[in-house]
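This is the structure:
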């Protein structure tokens, strides 16, 4: 809206007859964008349910963009888990 991109989560409990929305972002400063939301494959529910890029972003092939990957604040569950994302067997860098 007015040059600012905000993200919303939509849920339905009746197969799409009605929808509820929840703002994932709000009051984003002018000039910053929230773009390319994605749900990580094989994520644990409640942990990184959605990740998106936020920052100055003009064009995907332009090398002059400055973005970060961000995600909603998660509640602590008291459960700790360690993950090794290096599944190739080569040394992690």
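Numbering (the working numbering), first residue to last: 7 to 99.
Ideal Cβ placement from N, Cα and C applies to all residues, glycine included.
Please read these numbers as outputs of a predicted model, since none were measured by experiment.
How big is the Cα-Cα spacing for residue i and residue j?
| i | j | result |
| --- | --- | --- |
| residue 98 | residue 50 | Bear in mind that a pLDDT of 45 at residue 98, under 50, signals an unreliable position, so the number given afterwards is only what the model happens to contain. Rounded to the nearest angstrom, the two C-alpha atoms are 23 Å apart. |
| residue 60 | residue 25 | 26 Å |
| residue 70 | residue 78 | 26 Å |
| residue 23 | residue 12 | 24 Å |
| residue 34 | residue 63 | 14 Å |
| residue 54 | residue 48 | 10 Å |
Does the distance from the CB of residue i to the CB of residue j come in under 8 Å?
| i | j | result |
| --- | --- | --- |
| residue 30 | residue 56 | yes |
Return the residue from the list the options that minimises the CA-CA distance to residue i.
| i | options | result |
| --- | --- | --- |
| residue 45 | 35, 75 and 33 | 75 |
| residue 73 | 43, 33 and 54 | 43 |
Could you name the residues of the same chain whose beta carbon sits closer than 6 Å to that of residue i, not counting the 5 residues immediately before and after it, in chain order?
| i | result |
| --- | --- |
| residue 15 | 28 and 30 |
Does the region 19-29 touch the region 37-48, meaning 3 or more C-beta pairs lie closer than 8 Å?
no
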